[in-house]
Amino acid sequence: MPTLPHTQINAERLHTRIQELAQIGRIGETGVCRLALSKEDREGVELVKEWMEEAGMEAFIDPFANLVGVKRGSQPDAPVLMLGSHIDSQPYGGRYDGAIGVLGAIEVVQSLSEQGFSHAGDIEVVAFCDEEGCRFNKGLFGVRGMTGKLEADELDRADKNGLTRREALIQFGCDPAGFEGYSFQEGRIGAFLELHIEQGPVLESLDEPIGIVTGISGPLWLTVELTGFAGHAGSVPMSMRHDALLGCAKIIVALNELVQRNPGAPTVGTVGSLAVFPDSRNIIPEKVSFTIDLRDIDLMRRNELEAELLSVIENVSLEHGLTYTIREDTNSEPRYCAEWIKETLRKEAKEMGVTPPELMSGPFHDSLTMSYVCDYGMIFVRCLEGISHNPKEYASPNDITLGTELLYRAARRIAAPEGGFPL
1 MPTLPHTQIN
11 AERLHTRIQE
21 LAQIGRIGET
31 GVCRLALSKE
41 DREGVELVKE
51 WMEEAGMEAF
61 IDPFANLVGV
71 KRGSQPDAPV
81 LMLGSHIDSQ
91 PYGGRYDGAI
101 GVLGAIEVVQ
111 SLSEQGFSHA
121 GDIEVVAFCD
131 EEGCRFNKGL
141 FGVRGMTGKL
151 EADELDRADK
161 NGLTRREALI
171 QFGCDPAGFE
181 GYSFQEGRIG
191 AFLELHIEQG
201 PVLESLDEPI
211 GIVTGISGPL
221 WLTVELTGFA
231 GHAGSVPMSM
241 RHDALLGCAK
251 IIVALNELVQ
261 RNPGAPTVGT
271 VGSLAVFPDS
281 RNIIPEKVSF
291 TIDLRDIDLM
301 RRNELEAELL
311 SVIENVSLEH
321 GLTYTIREDT
331 NSEPRYCAEW
341 IKETLRKEAK
351 EMGVTPPELM
361 SGPFHDSLTM
371 SYVCDYGMIF
381 VRCLEGISHN
391 PKEYASPNDI
401 TLGTELLYRA
411 ARRIAAPEGG
421 FPL
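For the sequence shown, the residue numbers in my numbering are 1 to 423.
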């Protein structure tokens, strides 16, 4: 790590908190399972709330189960600088995804407070609820709730055990009835900054500890259900079958081929969840439900691939005598980071003696939704072999310290009384 003789944050405190939070929902030696709105999630929120209060913030949980910490500024009407990420995890996840963005933000505020820094507008730190989306098959719930962008059926979505999001919110301690009286104040937030592990291999391949994000790919999430006809696996001739799983397999292969057609493009496509009915070794599969995750930084290219994929689904269904339904779960366009924030990060990084590379984000983040209500910027931290959503996920303390220090310096510049926001 480059020498940082004047590091302002308390790195030891930050890393102690990262390790302490990782014990909640711990799986194995290094893994974490803190599903959104679970008892582990609630325990994590309570612990992080204590740290927000230690840092001098007023902390509360809003109706959408977002944990919000507020450090009051000298000018109540000045634009808010918001920092944060999420602490919920995948069912088989790591301890750094999201968590370093929340705990790093708390460390920024606590360090500023200890140094007597005076800021104009409020600084808010948010641990957004259910960024991951794995439990209810739709992510970014908390940030979309906070910004007034929830959809009609959000609370009726059920997890694999049949528990709805409404029921989970109530168990968590939130009252969905509070949604009614909530309205987002347009223009209140001047900028949002998010620190996050890269979740990819680019920084490691460049031997760079941190990077400045240029934009976030737009994710398209679909759930496809194919229906054929069940029959005895030993007696129905191959030519007479209506095998839904065979149709699904052909669609998966086609998706893989489509997204690799342009080798230079950052397009990715994934089928990550699949359910077969009746799920017996000697019955021809009658029904298959599976998810499709298609992402690209170029919306036009993604739309073209989507059209081709829909054509594949239609043709495969005709070939095998299947019917199908397609449900769109998420459809977000690519969103680009604000140039003035990127320039702030460049200047502060230069003063630190580093020149971070600039790279796009394939995964979505809470920043994606925040981009619709304010300018945003992101800092990426290198992770070992690009591994994420896996207990082997790892980012070194030195790299996390460097990323948090850059977050601190950018926040200090933007929140200064003379104002770092563009006119």
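For glycine and all other residues, C-beta sits at the position ideal for the given N, C-alpha and C.
Taking the CA atoms as reference points, E46 sits about 25 Å from F184.
Selection M360, R335, G139 evaluated against E198 yields M360 as nearest (Cα-Cα). When the beta-carbon positions are compared, A120 and Q171 stay at least 7 Å from each other. Within 10 angstroms of the beta-carbon of L318 lie fewer than 16 other beta-carbons, which makes it exposed. Short of 7 Å from the beta carbon of A78, and not among the five residues preceding or following it, lie these beta carbons of its own chain, in chain order: A120, G121. The distance from the Cβ of T404 to that of I9 is about 5 Å, consistent with a contact at the 8 Å cut-off. One thing to note: P391 has its Cβ within 7 Å of the Cβ of G28. The Cβ neighbour count for N66, taken over all protein chains shown within 10 Å, is at least 16; the residue is labelled buried. G386 and R241 have their alpha carbons spaced roughly 42 Å apart. When the beta-carbon positions are compared, G93 and H365 stay at least 7 Å from each other. Listed as beta-bridge partners of M378 by DSSP are E194. Taken through DSSP and simplified to helix, strand or coil, H6 comes out as coil.
Going by DSSP, F141 is part of no beta strand (DSSP E) but of the alpha helix (DSSP H) stretching over 141 to 146.
Contact between D175 and T164 does not hold, since the beta-carbon distance rounds to 15 Å and is not under 8 Å.
In this model, V48 and F60 are separated by some 11 Å (Cα to Cα). Checking the DSSP bridge columns, you'll see N331 partnered with L220.
The beta carbon of V32 is closer than 7 Å to those of A22, G25, R26, S89, G93, G94, R95 in its chain, skipping five residues each way along the sequence. The bridge partners DSSP lists for E385 come to none. In this structure, V213 and C337 form a Cβ contact; the two beta carbons are roughly 6 Å apart against a cut-off of 8 Å.
No residue range can be given for I24, since it is assigned to no beta strand (DSSP E) and is classified by DSSP as neither H nor E. Separation of A233 and K149 (C-alpha to C-alpha, rounded to the nearest whole angstrom) is 47 Å. The bridge partners DSSP lists for Y336 are G215. Boundaries of the beta strand (DSSP E) harbouring K287: 287 to 296, taken from the DSSP string. Counting C-beta pairs closer than 8 Å gives three or more between the stretch 375 to 385 and the stretch 186 to 194, which meets the contact rule. Judged by DSSP secondary structure, A275 falls within the beta strand (DSSP E) whose first and last residues are 274 to 277.
Closest in alpha carbon position to T330, among D298, T223, M370, A230, is T223.
Sequence-distant partners of E43 (beyond 5 residues in either direction) whose C-beta falls short of 7 Å from its own C-beta, in its chain, are I24. With the rule of 3 Cβ pairs closer than 8 Å, the stretch 290 to 298 counts as touching the stretch 265 to 278. The continuous stretches of alpha helix (DSSP H) do not include H86, which lies in the beta strand (DSSP E) extending over residues 80 to 86.
Between A244 and L322, the C-beta spacing is below 7 Å. Per the C-alpha coordinates, the member of A36, P334, F64 positioned closest to P363 is P334. By the neighbour-count criterion, in which 16 or more other beta carbons inside 10 Å mark a residue as buried, L103 falls on the buried side.
Closest by C-alpha distance to P219, out of I379, A105, L305, is L305.
Residue pairing from DSSP places A127 in a beta bridge opposite L67, S85.
Short of 7 Å from the beta carbon of R13, and not among the five residues preceding or following it, lie these beta carbons of its own chain, in chain order: E107. Excluding residues up to 5 positions away in sequence, G218, P219, F364, L368 lie with their Cβ nearer than 7 Å to the Cβ of S332 in the same chain.
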